[in-house]
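Using this note's numbering, the letters of the sequence shown map in sequence onto residues 1002 to 1066. Even for Gly, the Cβ is constructed at its ideal location relative to N, Cα and C. Everything below concerns the one structure shown next.
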Amino acid sequence: MADEQKKAVSGVVKIALKVILGIILLAVGAWLIWLWRWDVLTVIKGFVGIVVILAGVIFLAIAKE
C-alpha cells in the first residue's frame, strides 16, 4: 500500500514539476518577445523566446499525458 502511495505521489510531483517548468518557459519566452526590438540581438532574443515558448507548450503537453 505504501509503495503504491509513493508511486502516486512521485507521479504527481513529476507532473507538477513539468507544469511549473512549462509555465516558467512560457513566461521567459513571453518576456524575451516583449523585449524584442528591431536590431540583430533582440531579433535573436525574439526567436529564442518563440522557441522557449514552444518548449514550454511541449512540456505542458507531456505533463498532461
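Specify, as a first and last residue, the run of the alpha helix (DSSP H) that residue i falls within.
{"i": "L1027", "result": "A1003 to W1035"}
Using 10 angstroms around the beta-carbon of residue i, count the other beta-carbons present and answer buried if the total reaches 16, otherwise exposed.
{"i": "L1018", "result": "exposed"}
{"i": "G1012", "result": "exposed"}
{"i": "I1054", "result": "buried"}
Below 8 Å, how does it come out for the segment 1046 to 1056 and the segment 1026 to 1035: are there three or more Cβ pairs, yes or no? yes
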